[in-house]
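Chains as they are written, first to last, in our numbering: chain A, 1 to 188; chain B, 1 to 175.
C-beta atoms are modelled at their ideal positions from N, C-alpha and C, and glycine is treated no differently.
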């Protein structure tokens with residue numbers, strides 16, 4: 001059953017085999033959770049939003065026309081739901097203004113003691129969570145979900161050049177940290 | 001001084017440069033230590049980003065979502081059944097009213113239609129319905145009919161919202 005494609009599973013769910021939706025959940029839960037967690041920067045909230053996304057997707061399955069890949073369609077739901085949550089939170093707590101801003105400064109968030117105790121991968125993971133939601137989403141979708149810039153632009157509803165600008169900016173910000181702290185030597 | 005912009009270096013990594021640009025970049029990189037260092041740093045970031053790991057969601061997550069889906073579906077089915085039941089009651093009441101109109105109409109005409117032709121029976125049938133409807137649209141008929149319909153809407157509305165409330169509570173309990 002696990003070897004079936006997304007479309008085959010969706011067709012089965014649409015035919016009334018509700019239990020097959022569990023395969024879709026198992027297939028996407030961790031990657032979607034990573035995206036949401038990096039956008040919200042809160043594990044508990046991320047899990048709640050993820051549940052909401054799967055329920056929304058299930059209820060909207062009839063509107064899925066198979067014009068796009070299921071993953072693109074699903075991640076669009078995930079991204080929009082999470083963005084709504086971020087915006088709602090932003091309205092509530094004015095101090096979190098930086099979350100949706102276009103400019104960010106990783107250096108100010110960077111804890112230099114961190115690299116003494118942990119490896120470079122954990123450092124990158126932590127820095128990813130420091131990025132504004134839209135930037136961390138681009139990196140997450142590009143590297144973890146292995147999506148193309150075209151697919152990311154569909155998920156985030158922005159232009160392809162914008163996706164590339166965000167991808168480059170995020171990489172450059174991390175690179176500057178790598179250079180400044182002489183972390184390149186640690187990479188084999 | 002940097003000869004290569006960040007944009008070009010990023011495009012170099014993503015393999016988006018055309019042959020001429022690629023040749024130029026390679027030439028610059030072989031002569032500029034500064035640019036080479038920047039590229040190496042960018043490659044290091046690129047390589048580390050490729051290694052980022054998935055965050056694991058709780059083991060019970062799938063079961064939890066499936067349970068919620070079942071509860072939602074059950075609540076949705078209950079609501080649908082309730083709407084069907086209410087609609088059926090309305091249809092039955094309507095049929096009873098129409099039946100009564102026809103019955104009284106037939107009695108008033110003295111049951112003569114048995115000797116009429118099939119077409120005449122149909123015509124008289126529709127005439128009876130029309131006269132019945134016309135009776136409803138008398139001032140008294142409208143007020144009686146309106147009262148029955150309003151009462152029906154009020155009662156079904158009450159039960160519908162109670163049903164909705166119970167379903168929402170069920171969904172909330174499953175969280």
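Option in the options with minimal Cα separation from residue i
{"i": "residue 140/A", "options": "163/A, 34/A and 123/A", "result": "34/A"}
{"i": "residue 52/B", "options": "156/A, 170/A, 124/A and 77/A", "result": "124/A"}
{"i": "residue 63/B", "options": "62/A, 26/A and 85/A", "result": "26/A"}
{"i": "residue 54/A", "options": "42/A, 70/A and 153/A", "result": "70/A"}
{"i": "residue 173/A", "options": "132/A, 5/A, 84/A and 28/A", "result": "132/A"}
{"i": "residue 180/A", "options": "38/B, 26/B, 32/B and 27/B", "result": "38/B"}
{"i": "residue 40/A", "options": "89/A, 64/A and 30/A", "result": "89/A"}
{"i": "residue 152/B", "options": "139/B, 83/B, 138/B and 7/B", "result": "83/B"}
{"i": "residue 89/B", "options": "41/B, 25/B, 155/B and 161/B", "result": "155/B"}
{"i": "residue 28/B", "options": "9/B, 16/B and 15/B", "result": "9/B"}
{"i": "residue 32/A", "options": "175/A, 85/A, 5/A and 144/A", "result": "144/A"}
Partners in chain B for residue i, counting only beta-carbon separations shorter than 7 Å
{"i": "residue 138/A", "result": "Those do not exist, as residue 138/A stays about 11 Å from chain B at its closest Cβ, beyond 7 Å."}
{"i": "residue 22/A", "result": "62 and 66"}
Interface partners of residue i on chain B, CB under 8 Å
{"i": "residue 143/A", "result": "49, 50 and 52"}
{"i": "residue 26/A", "result": "62"}
{"i": "residue 120/A", "result": "48"}
Interface residues of chain B facing residue i [CB-CB closer than 9 Å]
{"i": "residue 128/A", "result": "49 and 52"}
{"i": "residue 11/A", "result": "In chain order: nothing, as chain B lies at least about 18 Å away."}
{"i": "residue 18/A", "result": "66, 69, 70 and 73"}
Under the three-state DSSP convention, the category residue i falls into
{"i": "residue 76/B", "result": "helix"}
{"i": "residue 18/B", "result": "coil"}
{"i": "residue 98/A", "result": "Summary for residue 98/A: the model assigns pLDDT 49, below 50, so the residue's position carries little reliability, and this model does not support an answer."}
{"i": "residue 123/A", "result": "helix"}
{"i": "residue 182/A", "result": "coil"}
{"i": "residue 70/B", "result": "helix"}
{"i": "residue 60/A", "result": "coil"}
{"i": "residue 168/B", "result": "helix"}
{"i": "residue 146/A", "result": "coil"}
{"i": "residue 81/A", "result": "helix"}
{"i": "residue 5/A", "result": "coil"}
{"i": "residue 11/B", "result": "helix"}
{"i": "residue 55/B", "result": "coil"}
{"i": "residue 162/B", "result": "helix"}
{"i": "residue 66/A", "result": "coil"}
{"i": "residue 55/A", "result": "helix"}
{"i": "residue 98/B", "result": "helix"}
{"i": "residue 112/A", "result": "With a pLDDT of 48 at residue 112/A, under the threshold of 50, the modelled position of this residue cannot be trusted, and the question is left open."}
{"i": "residue 62/B", "result": "helix"}
{"i": "residue 16/A", "result": "coil"}
{"i": "residue 158/A", "result": "coil"}
{"i": "residue 130/A", "result": "helix"}
{"i": "residue 137/B", "result": "coil"}
{"i": "residue 42/A", "result": "coil"}
{"i": "residue 3/B", "result": "coil"}
{"i": "residue 30/B", "result": "helix"}
{"i": "residue 117/A", "result": "Confidence in residue 117/A is poor, its pLDDT being 49 and thus under 50, which makes the residue's placement too unreliable to answer from."}
Residues that residue i contacts on chain A, provided the C-beta gap is smaller than 7 Å
{"i": "residue 7/B", "result": "168"}
{"i": "residue 42/B", "result": "171 and 175"}
{"i": "residue 10/B", "result": "168 and 171"}
Proximal chain A residues relative to residue i, where beta-carbon distance stays under 8 Å
{"i": "residue 45/B", "result": "124, 171, 174, 175 and 178"}
Name the residues in the region 157 to 170 of chain A whose C-beta lies less than 7 Å from a C-beta of chain B; which are they? 168
By the 9 Å beta-carbon criterion, what residues does the region 54 to 83 of chain B contribute toward chain A? 54, 55, 56, 57, 58, 61, 62, 63, 64, 65, 66, 68, 69, 70, 72 and 73
Near-chain B residues of the region 30 to 62 of chain A (beta-carbon distance less than 7 Å), N- to C-terminal order: 30, 31, 33, 34, 37, 47, 50, 51, 54, 55 and 58
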